[in-house]
Structure formats: C-alpha cells, structure tokens
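S.K.:
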Amino acid sequence: MKAKPILISILIYLPSVLLAVFYVPTALDKLLDPHQTGKIVQSSAVMLTAGIFILTGLALFYYHKTMLWGVTMLSLYMLPVIGIHLYKGKPAEVLMLILMSTLFAAYIRKPEVFERN
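Quick note on this note's numbering: the sequence shown kicks off at 1163 and runs consecutively.
#1: Residue ranges of each alpha helix (DSSP H) run of no fewer than 4 residues wholly in the region 1192-1233, ordered along the chain?
#2: For V1243, which of V1275, L1180, T1188, I1174 has the nearest alpha-carbon?
#3: Identify the continuous alpha helix (DSSP H) that holds E1255 and give its terminal residues.
#4: Only counting the same chain, and skipping five residues up and downstream in sequence, which positions put a Cβ closer than 8 Å to that of L1210?
#5: Check each candidate in K1166, L1181, L1173 and name the one with the smallest Cα separation from S1263.
#6: Apply the 10 Å Cβ neighbour rule to V1233 and answer buried if 16 or more other Cβ atoms are within range, or exposed otherwise.
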C-alpha cells in the first residue's frame, strides 16, 4: 500500500526534474562560453547574468516555498527568448512548449497557488 504515495510523489515531481534537462545546459552554456557569436546581445556580461539568472530561478523553482518566484524568473527569461526567436524567424514552438511545461510543472506541484478566491 505504500507504493501508491511514492508513485504519486514521483509523478508530481517528474515534470519538474525533466525541466532541468533544458535549463541546466542552457545556463551552463551561457556561463562557460559567454563570448558567443550570432546572438542579438553579444555582451559577455549579459550572457553571464542570464546564466546566473536561469540557475537561480531553477533553484528557487525546486524549493517548495519559493517555487512561485522561480517560475516567475524562468518565465521572465523565456518570454524574451521566444520574442527573439520570432523576430529572427527561427522556430519558437519548442520554446513555447518548455514555457508551458514550466507552468504546468508548477501547477502540478502546488495547484493551490493558481486558484482564485
């Protein structure tokens, strides 16, 4: 009988863990190679700041009490990225799905935050 609560916990946190597959490599790429070319903003300071912003948002997202702050930070990062992709004519559908997945994972973990009174 104890397998059911464990399975529910795994299913609740699985989408949140899978988001790290996208956000961590993106942040590390910005931190380890800040002198990227072909970007709209080619400043290494902006790339370093973006990498730190993503990792901070992800850390806040995983901590239960600050999850809403983390979701906000990750969404604030993803919205301009989607806009830049649309501006350059690049496909942005995958980025939109990642943004929706971030919001969905937060809703699964803490649905009471998203309810209106």
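Yeah, the Cβ is synthetic: ideal placement off N, Cα and C, and Gly gets one too.
M.R.: In short:
#1: 1206-1224
#2: Residue mapping note: residue 1243 aligns to position 81 of the sequence shown, counting from 1. That would be T1188, whose Cα lies nearest to the Cα of V1243.
#3: Here residue 1255 refers to the residue found at position 93 when the sequence shown is read from its first residue. From DSSP, the alpha helix (DSSP H) with E1255 extends over 1255-1271.
#4: Taking the sequence shown and counting its residues from 1, one reaches residue 1210 at position 48. So the qualifying residues of the chain are K1192, L1193, P1196.
#5: As a working note, residue 1263 is residue 101 in the sequence shown. When only C-alpha atoms are compared, the closest one is L1181.
#6: Against the sequence shown, residue 1233 aligns to sequence position 71. V1233 should be labelled buried.
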